[in-house]
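Visitor:
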Amino acid sequence: MQNTAAKTFPIERIRADFPLLQTEMNGKPLVFLDSAASSQKPQQVLDAIEQYYENDNANVHRGVYALSQRATDAFEAARKTMAAYINAPDEHEVIWVRGCTEGINLIASTYGQRFKTGDEIIVSHMEHHSNIVPWQMLCERSGAILKVIPVLDNGELDMVAYKELLNERTVFVSVVHVSNALGTVNPVVDICNMAHEVGAVVLIDGAQATPHGKVDVQAIGCDFYTFSGHKMCGPTGQGILWGKRELLESMPPYHGGGEMIDKVSFEGTTYNVIPFKFEAGTPNMAGAIGLASAADYMTSLDLDAIEQYEAELLAYATGEMTKIEGLKVIGTAPEKHSVLSFLVEGMHPYDLGTLLDKQGVAVRTGHHCCQPLMERFGIPGTVRASFAFYNTREDVDRLVAATTRAVKMLS
Amino acid sequence: MQNTAAKTFPIERIRADFPLLQTEMNGKPLVFLDSAASSQKPQQVLDAIEQYYENDNANVHRGVYALSQRATDAFEAARKTMAAYINAPDEHEVIWVRGCTEGINLIASTYGQRFKTGDEIIVSHMEHHSNIVPWQMLCERSGAILKVIPVLDNGELDMVAYKELLNERTVFVSVVHVSNALGTVNPVVDICNMAHEVGAVVLIDGAQATPHGKVDVQAIGCDFYTFSGHKMCGPTGQGILWGKRELLESMPPYHGGGEMIDKVSFEGTTYNVIPFKFEAGTPNMAGAIGLASAADYMTSLDLDAIEQYEAELLAYATGEMTKIEGLKVIGTAPEKHSVLSFLVEGMHPYDLGTLLDKQGVAVRTGHHCCQPLMERFGIPGTVRASFAFYNTREDVDRLVAATTRAVKMLS
Amino acid sequence: MTIAERQAEIIDEFEMFDDWMDKYEHIIELGKDLPLIDAAYKDEDHKIRGCQSQVWLHAAPEGDKLRFTADSDAIITKGLISLMVRVLDDQPAAEIANTELSFIEKIGLHEHLSPTRSNGLRSMVKQMKLYGIAQAAQQNAQANG
Amino acid sequence: MTIAERQAEIIDEFEMFDDWMDKYEHIIELGKDLPLIDAAYKDEDHKIRGCQSQVWLHAAPEGDKLRFTADSDAIITKGLISLMVRVLDDQPAAEIANTELSFIEKIGLHEHLSPTRSNGLRSMVKQMKLYGIAQAAQQNAQANG
Ligand SMILES: Cc1ncc(COP(=O)(O)O)c(C=O)c1O
Ligand SMILES: Cc1ncc(COP(=O)(O)O)c(C=O)c1O
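Residue numbers (the numbering used here), protein chains in the order written: chain Z, 5 to 415; chain L, 5 to 415; chain C, 76 to 220; chain V, 76 to 220.
Next comes the structure, spelled out in structure tokens:
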């Protein structure tokens, strides 16, 4: 079952780039299977951050001295890199945010200001809390109504129901690209097309898509796209919100402060052009440079190769894990990315997770910030093994062995 | 004129900790005098960040595996360190934000929800744009009215006028602790006392205070305090908002998403306790750990010693610079911190800044995000040399020589 | 046995395991053996909510002592609960109120009580002590009243 | 002289400075020598706003050519402006529209045109070319009309 991608993918060299993958956990070589929560970082990214602080660090924009110019150039070049990473047509449409959660909240609190009583916003039943709560808060403020696309038993969106939810009152659709709890890859092109037919604007939550393969916002056809750097080998505290220029320009500003202004006076203040209008305050310069370096790293490995390698790994893991008696995979959509959520009959995820930990295998247990989805399936949570391109078949074998032992102990 | 503090302060050892201070700019050893915009970072902070990524990195909270527990412990220990740094009574009152700008915006968008038409908010004429624009935006939303404390010719607040502005309609006062453009240290204790007498709540913008000496929020008596890590040797993208527990608990949440919830369902969502209620999304873990390491570094040098050392440096610089013909210091308050803003008769700040840059001296020129203050003084901007504890009398001498030469060229 | 003696006994008992998995094997056994809480008490009122696992705790005074029964939906949590109950059940309220529970640390299971683990255990221990404090205070009031 | 020749001349002129300060000394001199813009044009309409320094620019057609005058509040910006004017003033509109201004890079002053410097210079160059494009288009229209 050794496939093409696995044969040519330079996994040994890649693993050597990740210092944390060389460590132990509870006295066993670490098997890290929680990349969907946050990925590990290659040395290249750590070096880019350190090199920035050691050579170029200064506040950006408006500085007349060489150091500040260098910092600004590096910072703006990083924006360009991120625009290219998602094939955004214009780097000025790329806004630095803390992460995916802030990206969604930014849209809700700026674009959302135009919503009024009776307007309808659509999310799905598989959304992360970060793509539910901002809309609930907005609905409370504005009188808009939240509608929910149901999820089928295999973890796919019910697209027939989605079509029925859409109507002339629909002003906004916000849907996850890839589910963090199930791994389902949603049909985002169709979702956008159908929403646009009724004149609604679409935001795609790309938190679990950008770490696993090529994303092309123009091909998707969405209006906004947001994701977190820390899940794709970048530093914590930096992510991206992309939006179409005309929409961004039509939006009121987000935070007030330095950078986002044109001219401030007590008689009246005017705002800067995009993207700066949405970037009040000193930005996370090292975060931007680190994230761009992560994007460069992943691009250099070839995103298609990453996607194929991970697909084979997931197929292998699914095949091996389902041999365990009583084990049930939650989320069996035909299109999936790198997530294996499971339960074992009669066993609590916390018990399984604890026993895996003691065997050096790091998985996440619980609701994965998707309580409504867990309720939909009538379960308290799952055990989730999530993969990145730096995982191996040996990691899967360790997971299978550790789970088998845990299940035996708990039976 | 070699004083006590300068004699005992381990400046050589300190400078060796800062890699960037060893570099050149335009072929000259760098003299970095723009720390008020953003400070340089000691190797200790860079090491703390790298060590986190190499050994402890995982998403925090709710993880059952050892790595995630270690990350969580480090992250929450960092919060405790920052609470101690400003003598906050309870670390749960310490909220991680991107920086000072976000801290102020967070308060305006949450606490500010209770303001209504006719309520009065007071800021001063020396505020940074980040402490003006959020309140202008809030006033526009709420119908509240912005009142402005005038600034005296020497750069002090007009406290008589402040007293007259306060009345029973005053709901909020937001004032800078130390002015980034002038260096003025404001009488924050009096400002708080007087505001509290009329029942107003006070936020202090501490961006330029925490890098230069001890800050004690309990002694100040403010209700909220916020500052940026990148100005006090910490990484970019991480700062602190502190608030009194009962106020924080009374506030609606800020962003919606992961971490900030108790239970999410489409029927209704309940929120987590403080500080998590205000911390939606994956936090900037490395930022928190880096900032705590910066606080530890500065504390280890003794914050009182830092303050005294910098005071002597500022006095020396002021004495030497004012010997230059036509040079005028903007901001001559008796209580000042580490900022020397100046103009030379008939010369544009941009010209001076450019010629200093070519001589290896990094200063900032322009309005320093304080356009209303510049207007108040009838000037387009200033040249600002700002000091940190890692600067030396030799740095001052280089500044004086470079300015002298630039002035000669521009005469 | 006093609380201290019971703690010492547990520490002894765990000393024979030098492997993590054996230790957990034992905890799981203990969880299975835990006398179950009366079904009537397994309700919202007696629930201690955790993010990872839930705990139900019931306390009843018996003379100057307190009797505890408890349960959890996760077996490892249940095993750890059974140790807490074994130490604190049928002890004088005043002692429960004042005791330091050090055995969990000594047997190397402190992580389960981490404030960030959120399995309900830490809250349960706090709750047990609160019952102790309340009961002791009441006895004092009666003695003096 | 063509635009290319004028650029070459300036590059030659700057080759004799091997020190930054000498180079700036020269730029400052040039700034002082710049024929000033007519006071009537030093208004909001002709202002190119920058964060660091302001620039005023006036363009007037003269046959198929364009005449430029300009000013700035900062003398170094003014010196750089004088170089731009020297290259582009009194040149055919079509050439202004199509030219590549490489001399700034070659004399090592490219940083002043950085999009992040915000001294008005970059916008000024853009503006000068726009005048060229507009004027050339108009001439074309007239020629064909
Ligand atoms: C006084 C003052 N307030 C607020 C800020 C804004 O801080 P930041 O840009 O880090 O959010 C600054 C820094 O520029 C400042 O000096
Ligand atoms: C699908 C999805 N959306 C949103 C988020 C929130 O991302 P962050 O916590 O980085 O803001 C996550 C990550 O937890 C996620 O998996």
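Cβ atoms here follow ideal geometry from the backbone N, Cα and C, with glycine treated the same way.
Find the residues of chain L that neighbour Ser128/V, judging by a C-beta separation of less than 7 Å, and give them in chain order.
Guide: His352, Tyr354
Visitor: How far does the beta strand (DSSP E) with Lys267/Z in it reach, from first residue to last?
Guide: 265–267
Visitor: Using CA atoms only, rank isn't needed, just tell me which of Asn171/Z, Glu271/Z, His259/Z, Pro376/Z is closest to Val202/Z.
Guide: Asn171/Z
Visitor: When the cut-off is 8 Å and only beta carbons count, does Glu119/V lie next to chain Z?
Guide: no
Visitor: If I measure Cβ to Cβ from Leu156/Z and keep anything under 6 Å in the same chain, skipping five residues before and after, which residues do I get?
Guide: Asp162
Visitor: List the DSSP bridge partners of Leu207/L.
Guide: Beta-bridge partners assigned by DSSP to Leu207/L: Ser178/L, Phe228/L.
Visitor: Which residues of the stretch 43–54 of chain L have a Cβ closer than 8 Å to any Cβ of chain C? Give them in chain order.
Guide: none
Visitor: Is Asn30/Z near ligand 2, with its Cβ less than 7 Å from a heavy atom?
Guide: no
Visitor: Would you check if there are 3 or more beta carbon pairs closer than 8 Å linking the stretch 18–38 of chain Z to the stretch 357–368 of chain Z?
Guide: The stretch 18–38 of chain Z vs the stretch 357–368 of chain Z: in contact.
Visitor: Any C-beta of chain L sitting closer than 8 Å to the C-beta of Ser230/C?
Guide: Only positions 76 to 220 of chain C appear in the structure, and residue 230/C is not among them; the question remains open.
Visitor: What's the C-alpha gap between Thr174/V and Ile78/V?
Guide: Taking the straight line joining both Cα atoms gives about 8 Å.
Visitor: Counting C-beta neighbours from all protein chains within 10 Å, is the total for Met91/V 16 or more, i.e. buried, or is it exposed?
Guide: exposed
Visitor: Should Ile171/V be flagged as near chain D, meaning a C-beta pair shorter than 8 Å?
Guide: Here chain D cannot be found, since the structure's protein chains are Z, L, C and V.
Visitor: Classify Pro136/C as helix, strand or coil using the three-state DSSP reduction.
Guide: strand
Visitor: Please determine whether the Cβ atom of His129/L lies at a distance below 7 Å from any heavy atom of ligand 1.
Guide: no
Visitor: Using C-beta distances below 8 Å, list every residue in its chain close to Glu97/L, excluding the 5 sequence neighbours before and after it, in chain order.
Guide: Ala87, Trp246, Gly247, Lys248, Arg249, Leu252, Ile278, Pro279
Visitor: Who are the near neighbours of Ala199/L in its chain, counting only those whose CB is closer than 6 Å to its CB and skipping five residues on each side?
Guide: Val177, Val206
Visitor: Go ahead and pull the three-state DSSP assignment for Gln242/Z.
Guide: Judged by DSSP in its simplified three-state form, Gln242/Z adopts coil rather than helix or strand.
Visitor: Quick check: the Cα distance between His65/L and Ser72/L, rounded to an integer number of angstroms?
Guide: 7 Å
Visitor: Please find out if some non-hydrogen atom of ligand 1 comes closer than 7 Å to the beta-carbon of Gly187/Z.
Guide: Checking every heavy atom of ligand 1 against the Cβ of Gly187/Z, none is found closer than 7 Å.
Visitor: Would you identify the three-state DSSP class for Met325/Z, choosing helix, strand or coil?
Guide: helix
Visitor: If we ignore side chains and look at the alpha-carbon of each, how far apart do Ile195/L and Lys117/C end up?
Guide: 54 Å
Visitor: Identify which residue in Ala337/L, Gly210/L, Ile383/L has its Cα closest to the Cα of Ala105/L.
Guide: Per the sequence presented here, residue 105/L reads as Thr, with Ala not at that position. Nearest of Ala337/L, Gly210/L, Ile383/L to Thr105/L, Cα basis: Gly210/L.
Visitor: Flag Ala298/L as yes when its Cβ comes closer than 7 Å to any non-hydrogen atom of ligand 1, and as no otherwise.
Guide: no
Visitor: In chain order, what residues of the stretch 265–277 of chain Z put their CB closer than 7 Å to some CB of chain L?
Guide: Ile265, Lys267, Val268, Ser269, Phe270, Thr273
Visitor: Find the residues of chain V that neighbour Asn30/L, judging by a C-beta separation of less than 8 Å, and give them in chain order.
Guide: Trp95
Visitor: With a threshold of 7 Å (Cβ to nearest heavy atom), would Cys237/Z be considered close to ligand 2?
Guide: no
Visitor: How long is the line joining the alpha carbons of Gly291/L and Pro239/L, rounded to whole angstroms?
Guide: If you take the alpha carbons of Gly291/L and Pro239/L, they lie about 6 Å apart.
Visitor: What is the rounded straight-line gap between the Cα of Arg83/L and the Cα of Asp94/L?
Guide: 10 Å
Visitor: What distance in whole Å lies between the Cβ atoms of Met141/L and Gly260/Z, which are believed to be in contact at a cut-off of 8 Å?
Guide: 5 Å
Visitor: So, at 7 Å on beta carbons, what are the nonlocal neighbours of Arg81/C in its own chain, with the 5 sequence-adjacent residues on each side left out?
Guide: Arg161, Val162
Visitor: Please report the residue range of the alpha helix (DSSP H) in which Val137/Z lies.
Guide: 137–146
Visitor: Following the continuous beta strand (DSSP E) through Gly370/Z, name the residue where it begins and the one where it ends.
Guide: DSSP places Gly370/Z inside the beta strand (DSSP E), whose first and last residues are 368–370.
Visitor: At the level of alpha carbons, what is the spacing between Glu170/C and Ala135/C?
Guide: Approximately 15 Å between the Cα atoms of the pair.
Visitor: Whole angstroms are fine: how far does the CA of Ser390/L sit from the CA of Tyr69/Z?
Guide: Approximately 14 Å, taken between the alpha carbons.
Visitor: Would DSSP call Gln6/Z helix, strand or coil?
Guide: Unreliable positioning characterises Gln6/Z in this predicted model, as indicated by a pLDDT of 49, which lies under 50. The coordinate reading is nonetheless provided below. Three-state result, Gln6/Z: coil.
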